[in-house]
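No gaps in the numbering here: position 3 of the sequence shown is 3 in UniProt numbering, and each next residue is one more.
Here is the structure we will look at.
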Amino acid sequence: MNRSSLILPILAILVAVGFSSIFIVDEREKALVLQFGQVKAVKEEPGIGFKIPLIQEVVRYDGRILGLPTQPLEVTPLDDRRLVVDAFARWRIVDLVEFREAVGAGGIEAAQTRLQRIMSPAIREVLGGVPSIRVLSEDRTVLMNQIRDLARRQALALGVDVIDVRLTRTDLPEQNLSATYGRMRAEREREAADEIARGNEAAQRVRAAADRTVVEVTSEARRQAEVIRGEADAQRNSVYAEAFGRDPEFFAFTRSLTSYERALQGGGSSIVMQPDSEFFQYLRSDRAPEGTPRPAAPAAASPETGDATAPAGEQTGQAEETPAAPPAGQDAATPAPAVQ
């Protein structure tokens, strides 16, 4: 056999061996070099790696953050209201050697199965220690962080880190919806009744305070009005007294005018008295010519016969009035109005 004819096969074998001893790790991956099932090298950085052909093998794992949706599970909070909860976890491999030893050849799928077994008890433990109203509220960050921390401590034995846990759905079981909604409605109605009662009580206090203020203000206003009225009466009496002291005749004249106004106002009134009565002293004219006879007092008709009776001055029951002064501004000589 020609020696040159062996060179090409040998070169081909060497090239094949060289290529089989080189492997490339992507930036999204992590790799383990295994020899007869034992870990010989760990390749976590992207780049080129080497292995012994035919003896060693390379196992690749996803180095990115992975998601794990949990199965719907029922939990029972402190108030014994069953809830159906769905959660979603995010995790990644942090220790390739531990991960390989924990899951073996199962890889990512085996790890997710193991994580499911970790997540479900953690969710039940955390949510079972709080009332359902807190689980159903919008602010559940504290609860989700507690689930994450509890699952993380257990998942480290698998060589993985649980980065985050989110509760995607928290509902009531179908068979419990009506009863639960009824209890919640009753609680809200009771709270509303309490608020209404407190509001009515506050309104009563406000109305009572307002009524008390009205009474106080009204009483004070009346007191001030009485004081002002008393001061005004005192001032009026003082003015009357001063006027009477200055000119008693004029004061008597003004009082007579007031009496005339009261006696003669309105139609159909009758006054029976003598013409020379003091009531008419300011209605008589002292300027009349001498010898002019003054009119005699008219005779009052008898209510039974209609005949004239004795002069008015001689009749019993005749009306006499205290002399009153004429109104201010009226001359004493002004003729008296007709008297019926």
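Glycine residues also receive a C-beta, built at the ideal position from the N, C-alpha and C atoms.
Next item on the list: Can you give me the start and stop residues for the beta strand (DSSP E) that Ala102 sits inside?
Entry: Premise fails: Ala102 lies in the alpha helix (DSSP H), 96-103, not in any beta strand (DSSP E).
Next item on the list: Verify whether the separation of the beta carbon atoms of Ala102 and Ala151 is less than 8 Å.
Entry: no
Check: Where does the unbroken beta strand (DSSP E) through Val39 begin, and where does it stop?
Finding: 38-43
Check: So, using beta-carbon positions, are Asp171 and Leu83 closer together than 8 Å?
Finding: yes
Next item on the list: Go through the region 191-278 residue by residue and report every complete run of the beta strand (DSSP E) that reaches 3 residues or more, in order.
Entry: Counting only runs that start and end inside the region 191-278, there is no beta strand (DSSP E) element of at least 3 residues.
Note to self: Using the Cβ count rule (16 or more neighbours within 10 Å means buried), how would you classify Glu47?
What the structure shows: At residue 47 the sequence reads Gly, which differs from the Glu that was named. Counting other Cβ atoms within 10 Å of its Cβ, Gly47 stays below 16 and is therefore classed as exposed.
Next item on the list: Using only alpha-carbon positions, find the residue among Leu143, Met119, Gly67, Glu109 that is nearest to Arg90.
Entry: Closest option to Arg90, Cα to Cα, is Gly67.
Notebook entry, point to check: Between which two residues does the alpha helix (DSSP H) carrying Arg153 extend?
Noted result: DSSP places Arg153 in the uninterrupted alpha helix (DSSP H) bounded by 141-155.
Next item on the list: May I ask you to report which of helix, strand or coil DSSP gives Leu32?
Entry: strand
Next item on the list: Could you check which residue in Pro77, Val85, Ile65, Asp80 has the C-alpha nearest to that of Gln71?
Entry: Scanning Pro77, Val85, Ile65, Asp80 for the CA closest to the CA of Gln71 turns up Val85.
Item checked: Contacts around Ile55, its chain only, beta-carbon distance under 7 Å, and the 5 residues preceding and following it disregarded -> Gln35
Item checked: C-beta atoms of Lys43 and Lys30 nearer than 8 Å -> yes
Check: Is it true that the CB of Ile108 sits closer than 8 Å to the CB of Asp62?
Finding: yes
Checklist line | Ile52 classed as buried or exposed, judged by whether at least 16 other C-beta atoms fall within 10 angstroms | finding: Classification for Ile52: exposed.
Notebook entry, point to check: Closest to Val75 by CA distance: which of Leu167, Glu261, Phe253 is it?
Noted result: Leu167
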